[in-house]
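Colleague: Following this message is one structure expressed as structure tokens.
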């Protein structure tokens, strides 16, 4: 059966419009019908579509003069989708105008719910849409993967700087914080804390009891420090607290006294008392660029001076000859 020219146009050019000599639409392709809410056949082409390039096209004779040129067209109503078109005269005063979406194809597919059947078989628009969708899916997958990787990196860094038993910072985190404070030039102080009689708890009651005590001590230190301070467990029963922008001897003495007092209180484990105390050494940065490891060494010297003096007390490093005589469990010394 021989196909009619109209049917052939529908298959080859689903966005065509056949115009008569008066400029009225005699036939429109199936896809073109999806763009307009009004019936196209019988309507004047230039009343449904606006030719905005080239300008001053408002009659059929002027429209015929654009033959072979690219037309820029948009709907006068509705979504006003921009279209590209080309006109071919039929030699009898009428014409065929074939339209396409151009780079607006993605918007058109969304706005009019178009499918592959709305395009000519040779039109590359659908293939382009598939590529765009594939790229979008790949980009979404890439963003999701990057988000997961960043989350994993943050989690890994957090684990690398965290003591697994107590949840405090570890030595690596302590070194990083001190180096940052030294680079910034901010004054800070260090409190080195060592638990007294902790070995006896481990030996007599077991490591589970010792772990229980360490977790309790960690809570005490977190309670007594600010959010911006760094509390680190740097050894089995050794802790370091870094106080940024805090160098008041009176304030540090108050903190040390409270920490010692709270740690001395018995900790219950399975109905038995665990008794430990704490010796504390304190060092204060004196000048910008202070070597952080030297400061730790000074706090360590003050700590062992506290132990030699009888434990369960604190002592400051005076910054010159060695540990000074400021010791006790309550606020002492001058600002």
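Residue numbers (the working numbering): 75 to 409. Glycine included, C-beta positions come from ideal geometry on N, C-alpha and C. Treat the numbers as computed from the prediction; the structure is a model and nothing was measured.
1) Report the rounded CA-to-CA distance for residue 306 versus residue 184, giving the unit in angstroms.
2) Taking its Cβ as the centre, do 16 or more other Cβ atoms sit within 10 Å of residue 212, making it buried, or is it exposed?
3) Alpha carbon to alpha carbon, how far is residue 174 from residue 158?
4) Using 7 Å as the threshold, is the C-beta distance between residue 97 and residue 134 below it?
5) At the level of alpha carbons, what is the spacing between residue 261 and residue 300?
6) So, at 6 Å on beta carbons, what are the nonlocal neighbours of residue 348 in its own chain, with the 5 sequence-adjacent residues on each side left out?
7) Closest to residue 80 by C-alpha separation, out of 111, 101, 389, would be which residue?
8) Decide if the stretch 245-257 is in contact with the stretch 324-340; the criterion is three or more beta carbon pairs, one per stretch, under 8 Å apart.
9) For the alpha helix (DSSP H) containing residue 98, name the first residue and the last one.
10) Who pairs with residue 236 in a beta bridge, going by DSSP?
11) In whole angstroms, what separates the C-alpha of residue 127 from that of residue 188?
12) Shortest alpha-carbon distance to residue 373 belongs to which of 154, 297, 268, 196?
13) Give me the DSSP bridge partner(s) of residue 160.
14) Within the same chain, show all residues whose beta-carbon is closer than 7 Å to that of residue 89, passing over the 5 residues directly before and after it, in chain order.
15) Just how far apart, CA to CA, sit residue 153 and residue 112?
16) Assign residue 355 to buried or exposed, taking buried as 16 or more other Cβ atoms, counted over all protein chains shown, within 10 Å of its Cβ.
17) Please state whether DSSP places residue 91 in a helix, a strand or coil.
18) If you follow the alpha helix (DSSP H) that residue 105 is in, where does it begin and where does it stop?
19) Evaluate residue 389 with the Cβ neighbour count: other Cβ atoms within 10 Å of its Cβ, from every protein chain shown; 16 or more gives buried, anything less gives exposed.
20) Below 8 Å on the Cβ atoms is my guess for residue 304 versus residue 248; work out the distance and round it to an integer in Å.
21) Cutting at 6 Å between CB atoms, please list the residues of its own chain near residue 137, excluding the five before and the five after it.
22) Give the C-beta separation of residue 160 and residue 144 to the nearest angstrom, bearing in mind that I take them to be a contact with Cβ-Cβ under 8 Å.
23) Only counting the same chain, and skipping five residues up and downstream in sequence, which positions put a Cβ closer than 7 Å to that of residue 297?
24) DSSP state of residue 183, grouped into three classes?
25) Among 242, 258, 264, whose alpha-carbon lies nearest the alpha-carbon of residue 311?
26) Please determine, among 193, 167, 166, the residue with the shortest C-alpha to C-alpha distance to residue 179.
27) How big is the Cα-Cα spacing for residue 308 and residue 245?
Modeller: With the given structure in hand:
1) The residue you call residue 306 lines up with position 232 of the chain shown. The residue you call residue 184 lines up with position 110 of the chain shown. Their backbone Cα atoms lie some 57 Å apart in a straight line.
2) Here residue 212 is taken as the residue at index 138 of the chain shown, counted from 1. Label assigned to residue 212: exposed.
3) Here residue 174 refers to the residue found at position 100 of the chain shown. Here residue 158 refers to the residue found at position 84 of the chain shown. Straight-line Cα distance between these residues: approximately 5 Å.
4) Position 23 of the chain shown, counting from 1, holds the residue named residue 97. Position 60 of the chain shown, counting from 1, holds the residue named residue 134. Contact flag set, yes.
5) Counting from 1 along the chain shown, the entry for residue 261 is found at position 187. Counting from 1 along the chain shown, the entry for residue 300 is found at position 226. Cα to Cα, residue 261 sits roughly 16 Å from residue 300.
6) Within the chain shown, the letter at position 274 stands for residue 348. Result list for residue 348: 275, 283, 287, 341, in chain order.
7) Numbered from its first residue, the chain shown carries residue 80 at position 6. Among 111, 101, 389, the Cα nearest to that of residue 80 belongs to 101.
8) no
9) By 1-based counting over the chain shown, the position of residue 98 is 24. Premise fails: residue 98 is in no alpha helix (DSSP H) and is neither H nor E.
10) Walking along the chain shown from the start, residue 236 turns up at place 162. Partner(s): 243.
11) As a first step, residue 127 is located in the chain shown; it is residue number 53 there, counting from the start. As a first step, residue 188 is located in the chain shown; it is residue number 114 there, counting from the start. Each residue's Cα considered, the two are about 26 Å apart.
12) Working through the chain shown from its first residue, we reach residue 373 at position 299. Considering only alpha carbons, the answer is 268.
13) For the purposes of this step, residue 160 is identified with residue 86 of the chain shown, where counting begins at 1. For residue 160, which the question treats as bridged, DSSP gives the partners 172.
14) On the chain shown, position 15 is the one that residue 89 refers to. Taken in chain order, the residues that qualify are 103, 105, 106, 172, 173, 174.
15) Position 79 of the chain shown holds residue 153. Position 38 of the chain shown holds residue 112. Computed Cα separation, rounded: 13 Å.
16) In the chain shown, residue 355 corresponds to position 281, counting from 1. When all chains shown are included, residue 355 counts as buried.
17) Counting from one through the chain shown, the residue named residue 91 turns up at place 17. Residue state, collapsed to three classes: strand.
18) Reading the chain shown from its first residue, position 31 is the one you call residue 105. Unbroken alpha helix (DSSP H) run through residue 105: 104-109.
19) If you number the chain shown from 1, residue 389 lands on position 315. With 16 or more Cβ atoms within 10 Å of its Cβ, residue 389 is classed as buried.
20) Residue 304 sits at position 230 when you count from the first residue of the chain shown. Residue 248 sits at position 174 when you count from the first residue of the chain shown. Right, their Cβ atoms sit about 7 Å apart.
21) Stepping through the chain shown from its first residue, residue 137 is reached at position 63. Around residue 137: 131.
22) The residue labelled residue 160 in the question sits at position 86 within the chain shown. The residue labelled residue 144 in the question sits at position 70 within the chain shown. About 6 Å; that satisfies the 8 Å criterion.
23) Position 223 of the chain shown holds residue 297. Contacts found: none.
24) Translated into the one-based positions of the chain shown, residue 183 becomes position 109. Helix.
25) In the chain shown, the residue the question calls residue 311 occupies position 237. Residue 311 has its Cα closest to that of 242, out of 242, 258, 264.
26) As a working note, residue 179 is residue 105 in the chain shown. Taking only the C-alpha atoms, the option nearest residue 179 is 193.
27) Counting from one through the chain shown, the residue named residue 308 turns up at place 234. Counting from one through the chain shown, the residue named residue 245 turns up at place 171. Rounded to whole angstroms, residue 308 to residue 245 spans 5 Å at the Cα level.
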